[in-house]
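For reference, the structure is listed below as structure tokens.
Chains as they are written, first to last, in this note's numbering: chain A, 1 to 281; chain B, 282 to 420.
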């Protein structure tokens with residue numbers, strides 16, 4: 001049997017990941033959050049949901065973002081999102097009828113009784129199918145992102161508390177963790193290379209945001225995407241963008257790989273409040 | 282009124298680099314920008330190295346390193362700070378092979394580095410790496 005050992009040593013902490021010899025999620029959370037606390041002592045845990053805007057290295061540009069937030073450009077879009085969420089299906093039922101049986105947004109994604117990973121995106125499409133409606137095909141932008149935003153915003157201010165208590169959930173967690181820390185692509189980066197090891201550093205003109213908090217603001221409304229006519233982006237759209245930047249083949253939105261990654265990141269965000277949607281530059 | 286000005290600027294640039302055979306490194310008032318690199322022909326090896334280094338789809342070294350060199354073009358976007366500024370290379374690398382090895386596969390010297398292995402992963406060709414090293418050894 002091949003034993004895979006990935007060692008990542010970073011300023012401040014060392015982490016050994018070996019098949020069958022994982023640290024518990026609880027230890028991982030303490031270590032991961034502790035790393036950022038040391039690296040950015042002035043940044044409160046709760047503010048990590050603001051993404052790169054919260055880092056001292058981004059201070060000069062934060063002003064722009066704050067100005068934008070006085071009249072967030074997504075306001076009209078959110079009205080549309082809420083209407084889409086509330087609009088009854090042909091059979092008279094609504095999304096809320098499905099989601100009242102699901103966990104709160106703070107416990108997403110979650111592993112169901114069959115061992116499948118359930119994301120909000122996936123459950124929106126399940127709900128559509130269960131009610132005889134067509135599922136949404138574009139899982140990166142547009143309506144799917146608006147619906148996810150309309151669901152999640154109802155839990156804004158509540159703290160992330162994803163469940164990793166079952167063996168099936170632990171398996172998903174390990175898979176996501178491995179993807180997060182493993183280098184990929186021609187340029188040889190892991191997610192951690194940029195968002196842990198180099199958080200706060202500048203890659204050309206861009207400041208690299210902390211991995212902590214990633215996802216708590218998603219879906220996001222992004223200026224860069226707005227200029228291309230598709231302002232909304234799901235978390236998996238963002239993942240694909242980061243993969244492409246390092247010349248790694250992106251996985252499909254809602255693939256097992258991205259679901260596992262989303263789960264791992266959600267666990268790391270334990271205790272950070274949701275803030276959906278968010279504006280990004 | 283805007284367009285003619287842009288065209289005029291482009292015209293001057295084309296004139297400058299279209300007819301240029303070599304840019305003598307020491308006396309160059311300004312090194313070419315990425316755009317100018319694309320258009321320029323018959324550059325000397327050192328300037329070719331500079332061009333490979335700054336071109337995004339090639340070395341993209343500026344993503345992580347400032348480069349301390351005379352003739353830095355004014356309109357080149359700011360460099361990143363993930364890696365140390367590239368400075369005094371010719372004094373610090375008496376051994377050309379060692380510098381080349383750092384660019385070819387930086388993970389040999391430091392397995393945790395985030396610097397991409399330009400040779401090992403075929404991000405750049407062997408010749409392009411040679412040109413970058415030629416350039417680095419002039420600074």
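The beta carbon of each residue, even a glycine, is placed where N, CA and C say it ideally should be.
TODO: Quick one: give me the first and last residue of the alpha helix (DSSP H) that residue 278(A) is part of.
DONE: No alpha helix (DSSP H) contains residue 278(A), which is instead part of the beta strand (DSSP E) from 278-280.
Task: Within-9 Å CB hit, residue 404(B) to chain A - done: yes
Open item on the list: If distances are taken between C-alpha atoms only, which option among 250(A), 236(A), 210(A), 235(A) comes closest to residue 50(A)?
Closed with: 210(A)
Open item on the list: Please report whether the beta-carbon of residue 205(A) lies at a distance below 9 Å from any beta-carbon of chain B.
Closed with: yes
Open item on the list: Taking CB distances under 9 Å as the criterion, tell me whether residue 422(B) reaches chain A.
Closed with: Residue 422(B) falls outside the range modelled here, since chain B spans only 282 to 420, and no answer is possible.
Task: Contact belief for residue 148(A) with residue 266(A) at Cβ below 8 Å, rounded distance in angstroms - done: No, residue 148(A) and residue 266(A) are not in contact; Cβ-Cβ is about 14 Å, not under 8 Å.
Task: Simplified DSSP assignment, three categories, for residue 348(B) - done: strand
Task: Meets three-Cβ-pair contact criterion under 8 Å: the segment 411-418 of chain B and the segment 324-343 of chain B - done: yes
Open item on the list: Under 7 Å, CB to CB, which of the residues in the segment 340-358 of chain B have a partner in chain A?
Closed with: 343, 344, 345, 358
- [ ] Would you tell me roughly how many angstroms separate the C-alpha atoms of residue 120(A) and residue 105(A), rounded to the nearest one?
- [x] 8 Å
Task: CB contact below 9 Å: residue 194(A) versus chain B - done: yes
Task: C-alpha distance - residue 159(A) paired with residue 152(A), whole-angstrom precision - done: 12 Å
- [ ] Give the C-beta separation of residue 261(A) and residue 239(A) to the nearest angstrom, bearing in mind that I take them to be a contact with Cβ-Cβ under 8 Å.
- [x] 6 Å
Task: Option in 42(A), 57(A), 193(A), 34(A) with minimal Cα separation from residue 200(A) - done: 57(A)
Open item on the list: I'd like the list of long-range same chain contacts for residue 145(A), defined as Cβ closer than 7 Å, with 5 residues on each side in sequence excluded.
Closed with: 219, 232, 233, 234
Task: Residue nearest to residue 40(A) in terms of C-alpha spacing, selected from 26(A), 55(A), 206(A) - done: 55(A)
- [ ] Below 7 Å CB to CB, which residues in the same chain sit around residue 85(A) once its five sequence neighbours on both sides are set aside?
- [x] 95, 147, 150, 151
Open item on the list: Let me see if you follow: with CB-CB separation under 9 Å, is residue 363(B) close to chain A or not?
Closed with: yes
Open item on the list: Does residue 381(B) come out as helix, strand or coil in the three-state DSSP assignment?
Closed with: helix
Open item on the list: Below 8 Å on C-beta distance, what does residue 187(A) contact in chain B?
Closed with: 397, 402, 404
TODO: Please name the residue in 344(B), 371(B), 393(B) whose C-alpha comes closest to that of residue 360(B).
DONE: 344(B)
Task: Proximal residues of chain B, C-beta to C-beta of residue 201(A) below 9 Å - done: 345, 361, 362, 363
Open item on the list: For residue 273(A), list the residues DSSP reports as bridge partners.
Closed with: 159(A)
Open item on the list: Since residue 244(A) and residue 253(A) should fall inside the 8 Å C-beta cutoff, what is the C-beta to C-beta distance between them, to a whole number of angstroms?
Closed with: Actually they are not in contact, since the Cβ atoms of residue 244(A) and residue 253(A) sit about 13 Å apart, beyond 8 Å.
Open item on the list: At 3 residues or longer, what runs of the beta strand (DSSP E) sit wholly inside the segment 208-257 of chain A?
Closed with: 220-222
Task: Pair within 9 Å by beta-carbon distance, residue 78(A) and residue 256(A) - done: no
- [ ] Assign residue 307(B) to one of two classes, buried (16 or more other C-beta atoms within 10 Å of its C-beta) or exposed (fewer than that).
- [x] Any reading at residue 307(B) must be qualified, since the residue scores a pLDDT of 43, below 50, and its modelled position is unreliable; no value is offered.
Task: Own chain partners of residue 166(A) with C-beta closer than 7 Å, once the 5 adjacent residues on each side are dropped - done: 111
Open item on the list: I'd like to know if residue 331(B) contacts chain A, where contact means its C-beta is closer than 9 Å to some C-beta of that chain.
Closed with: no
- [ ] Please check if any C-beta of chain B sits within less than 9 Å of the C-beta of residue 10(A).
- [x] With a pLDDT of only 44 at residue 10(A), under the threshold of 50, the placement of this residue in the model should not be trusted; the figure read from the coordinates follows. Output row for residue 10(A): interface = yes.
Task: Alpha-carbon to alpha-carbon, residue 357(B) and residue 314(B) - done: 6 Å
Task: Nearest-angstrom Cα separation, counted from residue 230(A) out to residue 328(B) - done: 40 Å
Open item on the list: Please list, in chain order, the chain B residues whose beta carbon lies closer than 7 Å to that of residue 197(A).
Closed with: 395
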